[in-house]
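What follows is a set of notes on a single structure, which appears directly below.
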Amino acid sequence: MNLSELCIRRPVMTTLVMLGLVLFGVFAYRGLPVSELPNVDYPTIEVTATLPGANPETMAAAVATTLEGQFSRIAGVRNMTSISASGTSRITLEFELNRNIDAAALDVQSAISTALRSLPDDMTDPPSFRKINPADFAIFYIGLSSDTLPISMVNEFAETMLAQQLSTINGVAQVQIWGQQKFAVRAQVDPDALATRGIAIGEVEQAIRGGNSYQPTGTLNGPDRAIAVKTTGQMSNAAAYNKLIVAYRNGAPVRLSEIGTAIDGVEATRVATYFGERQGIMLAVYRQPGSNTVQIVKQINDILPVFRQQLPESVNLEVMYDRAQSIEEAILDVEFTLMLASALVVLVIFLFLRNLAATVIASIALPISVIGTFSIMYVMGFSLNNLSLLALTLSVGFVVDDAIVMLENIIRHKEKGLSSMQAALKGSREIGFTILSMTLSLVAVFIPVMFMGGMVGRLLHEFAMTISVTIIVSGIVSLMLTPMMCSRWISDAAHGAEKPTRGFMAMTERAFDAMLHAYDLSLLWCLKRKPFVLAVFLGTLVGTWGLYSVIQKDFLPAEDTGRLIIYTEGGQDVSFDAMRRYQKEVADIVNKDPNVAATMSRVGAAGSRITNNAGLLFLRLKPRHARPDADINDVVQNLRRKLNKVAGIKSFVRNPPAIRVGGRLSNAQYQYTLQDLDLESLYKWAEIMAEELGKLPGFQDVTTDLKIRSPSLVVDIDRDRAGTMGIKAEEIEAVLANAFGGRKVSTIYTAANQYAVILEVAPEFQQDPEALKKLYIRAPGDRLVPLAAVATLTRGVSPLTISHQGQIPAVTISFNLAPEVSLGTAIDRVHALERAIQVPATLTTSFQGTAKVFQESLAGMGMLLALAIIVVYIVLGILYESFIHPLTILSGLPAAGVGALLALMAFDMPLTLYGFVGIIMLVGIVKKNAIMMIDFALSAQREDNLTPDEAIYQACLIRFRPIMMTTMAALMGSLPIAIGFGQGGEARAPLGLTVVGGLLMSQVITLYLTPVVYIYLDRLFPTKAIQGASGGAAPGPAPAE
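To get the numbering used here, take the position in the sequence shown, counting from 1, and add 4.
Given below as structure tokens:
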């Protein structure tokens, strides 16, 4: 007794099993997390080292290089990049995907501890690091502002109240503060006043350090009680510091207020964040990998009223961006596509079967398969995201295939006069092997994808597993539930010998009969002209290769996520105040754009930007139906045209991808890196390549991180003269650092936070190089020596930033592409340019980030497709115990490839990762036609003693209806995806188009090609039918030769 017979004879058991599957699926669905994409955790650690006042060369040589040397010894480091600017070095470590990020963090901490001994002694704080996931974006932005309170107080609320409480929400990974304006006391001295009183700036530093003390002072322990000893050694505000005695002159105290002033200010004076027209503080909330984005955002929204009650009335709290809204909209759109595809598939089944009961029997496999899959997704830790729901939507087209094939075969026996029970028993027994072959061979297609490595493998794993589980569940439903329902639901009258003669049903019957008759005639014509059909097959082989060679290729299609990012960059000599004015001009233009709903603007060295001439704008767009420009590419191009007119600043408008690959950040989306140990050669060729890339058609926003012409003032120390005066070079540098380095000389400790005390010259002296001549150094013998006496000042240029990749000097050129230019075409043009201008062999060039992953995935996709075909061949060979029949079954693949590529080219779409997935899916889908034909042909040869020619001819006609039904069902299931409904539909469209195009072409070709190949191969290798291959084929007229 096989499985189908057991289920037919035990309907209660079958019903309860299916109900259990559905119930578990419903409960699992409620517990599935919701996110935009599958969890893709790219293990990356970012290390930041600060040395206030140090120039980029010092940071690169003394800090970055030292740390890089230690980090290079850590196992699993895939890529290491660094950028050094004034006072800051940032090193990004990208690890192999299988590297545990927590273990890597321990290694990084150990490496930093080892490097500390070799880092500059005057680094006030050790390098810090944080774990980041470049593949993810912030899910929630909150803005705080006030018209009356100091910005430092607003920052205090953000840091000590909101950020800490938000961090405790389940699923929140970290909360970043944009535009941090932390309170600090700034002691600003007047060099003229210092000189008049004979005080060196170093004495002010020592006075502040000694005057602000927070040391343990012990405890008095008596026989009965203990008494804590406290002092008032700490000064917590500017008023206290102004009273600080710095020195004594002529027996009188000199207070700080006499040689300058202390103010209650902020620590970071060269960074600012705005939302709309107001300066404020922004909090960006990031989620943990695998957490439920929608649930996290719900918890944040629930706690916002509490925050508003706790904050003073003068502090405004606004939600600037809620990612859950776009995710829910995208999920709803995909779910609508799923429902629409399901409705179209059910309609196809009804039109072919023309019976309500039969339609219900076939269609019920659809919801059971989809709902049953949710329980497996829950167990495997998957989420409801665009890709997993896309997998379910695509599966709609072929999860009913098995049920259709089973149902159609049972109905065929029913129409011959058997009872419902007999027809179900015989039909299920005949077709069971066919369904097993179709199911296993379809799942086999996704086996290579399941075990695919790299970022692409991580991205597609959930998709492949979800669709495979759905297929397996549908196969089980078809073998268990479908025959049982047929044995009880199909009435004797429903499928008698009489056919409808009037109405819509009669019209569809006549249409199908006409199709069958036309196919019969055309099939006979093709069987008489087998060489011609074989030539068509060879043509599809050549056509597939030719079309693949010429079609444009891209990584991931652009997707409208409702947000844009604009990176801004001023000249290398621009001041922070000027940059802020330029940034405001850009923000004003963006805020007036009718497509933009809200903006957040940040300028200065903060976050991923470490220079004062950099800025960033985050744009939340209006819903697509409310925008004058519905197409996201039109929004980008219109903004680009407006912003290119702003003088003094460059703007780089980007539509951020749904998933960002790699830890490298740049102004534009794609990166091209040059490396050379010879800096002169590196800088020369970087400028040449950047200029030439800007001339290439379709390249936009070409820019480079080569910033080597920043104005500088060189203090050339006369070592001989300084030596005779007993002055050391480090003493001169210490004076300069105290004056212009924004040096943290002391710390104010409170119960909730720590605040810096910063020493500097007054702002008016920070704008003029002549102020350096007013500085004095304390020499032995208590003499004050002017800086000009031991050093000369010369103007020059120096790097604004210095970059390394893998410890080697590097320059990165970044660029965006016009909508009509694919990434594959751009890479080909860059390689052609390298050959044309004859880049020297000593110069190493490579693509980074998305472009690099695209190159790797493009090389791997061909192997992935080949592996999919090989795995399917192996599975089919095992099932049929034949080396030959799998070749017949797979002979329709080239036709599917031609159809898929032609469909993409017809709609001017490049072959993207999604499109390639569609082609891989076609490997599993199009072979179903051949399986149905060959199973019946083998059975007819064995049981009815027909010749191969007669057997395959009969199989083609008998299986024509289920072939048309399954193909039309798959087409209707993929059509809504190909049309691109809803948010993100433009990204899913290539996948649907490849499936639709491949199915249309392969349907036409395989109906004629499969019988011809079957006959040819049978003549070369006579068939030995196996016992397991089954299927009934009614005898019919032999094809004429």
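Just so it is clear, CB atoms sit at the ideal spot from N, CA and C, and this is done for glycine as well.
Small disclaimer: the values here were computed from a predicted structure and weren't measured.
- Between Leu-776 and Leu-804, the C-beta spacing is not below 9 Å.
- Counting only unbroken stretches of 3 or more residues, the beta strand (DSSP E) elements lying wholly within the stretch 723-756 are 747-753, in sequence order.
- Bounds of the beta strand (DSSP E) holding Ser-149 are 144-150.
- In the three-state scheme derived from DSSP, where H, G and I count as helix and E and B as strand, Leu-287 is classed as strand.
- Taking every protein chain shown into account, the CB of Phe-536 has fewer than 16 other CB atoms within 10 angstroms, so this residue is exposed.
- Of the candidates Val-189, Leu-483, Gly-566 and Thr-377, the residue whose Cα lies closest to the Cα of Arg-34 is Thr-377.
- Given a length threshold of 4 residues, each whole run of the alpha helix (DSSP H) inside the stretch 244-310 is given here in chain order: 260-263.
- For Asp-705, there is no enclosing alpha helix (DSSP H); the enclosing beta strand (DSSP E) covers residues 703-708.
- The three-state reading of DSSP puts Ile-78 in coil, since its state is none of H, G, I, E or B.
- Cβ-Cβ distances below 8 Å link Ala-662 to Glu-40, Leu-41, Asn-390, Leu-560, Glu-563, Thr-565, Gly-988 and Ala-991 in the same chain, with the five nearest sequence neighbours on each side left out; the list follows chain order.
- For Arg-327, the enclosing alpha helix (DSSP H) starts and ends at 327-357.
- Contact between the stretch 429-444 and the stretch 909-918 is absent: fewer than 3 CB-CB pairs across the two stretches fall below 8 Å.
- Residue nearest to Lys-534 within the set Arg-839, Tyr-1020, Thr-751 and Met-22 is Tyr-1020 (criterion: CA-CA distance).
- Take the alpha-carbon of Met-936 and the one of Val-374: they are about 24 Å apart.
- Straight-line measurement puts the Cα of Gly-73 at about 37 Å from the Cα of Thr-829.
- Contact between Gln-576 and Arg-713 holds: their C-beta atoms lie close to 5 Å from each other, under 8 Å.
- Short of 8 Å from the beta carbon of Leu-906, and not among the five residues preceding or following it, lie these beta carbons of its own chain, in chain order: Leu-551, Gly-1001 and Met-1005.
- Taking 9 Å as the cut-off, the beta carbon of Ser-171 is found no closer than this to the beta carbon of Gly-284.
- According to the DSSP assignment, Asn-637 belongs to the alpha helix (DSSP H) that extends over 636-647.
- Across the structure, Ser-750 and Gln-770 are spaced so that their CA atoms are roughly 21 Å apart.
- Cβ-Cβ separation between Ala-726 and Thr-708: approximately 39 Å, too far for a contact (criterion under 8 Å).
- Looking only at Ile-692, Gln-178 and Gly-896, the smallest Cα-Cα distance to Glu-838 is reached by Ile-692.
- Shown here for Arg-723: same chain residues with a beta carbon closer than 8 Å to its own, the five before and five after excluded, namely Ala-733 in chain order.
- Here Ala-243 is exposed. Its C-beta has fewer than 16 other C-beta atoms within 10 Å.
- Each residue's CA atom was taken as its position, placing Met-239 and Tyr-252 some 20 Å apart.
- Counting along the chain, Gln-178 sits inside the beta strand (DSSP E) bounded by residues 176-182.
- Less than 9 Å divides the Cβ of Tyr-245 from the Cβ of Ile-212.
- Contiguous beta strand (DSSP E) elements confined to the stretch 551-584 occur at 567-574, taking only those with 3 or more residues.
- Three or more pairs of CB atoms, one per stretch, sit closer than 8 Å, so the stretch 340-357 contacts the stretch 397-405.
- For Ser-482, the CB contacts under 7 Å within the same chain, skipping 5 residues up- and downstream, are Ala-369, Asp-406, Ala-407, Met-410 and Ile-439 in chain order.
- Here Gly-547 has Val-902 as same chain residues with Cβ atoms under 7 Å from its own Cβ, once five neighbours each way along the sequence are excluded.
- For Gly-608, the secondary structure class from DSSP, reduced to helix, strand or coil, is strand.
- Distance from the CA atom of Pro-56 to the CA atom of Ser-90, rounded to whole angstroms, is 8 Å.
- CA-CA distance, Tyr-46 to Arg-291, rounds to 14 Å.
- In the structure shown, the three-state DSSP call for Pro-813 is strand.
- Leu-620 places its beta carbon less than 9 Å from that of Ile-569.
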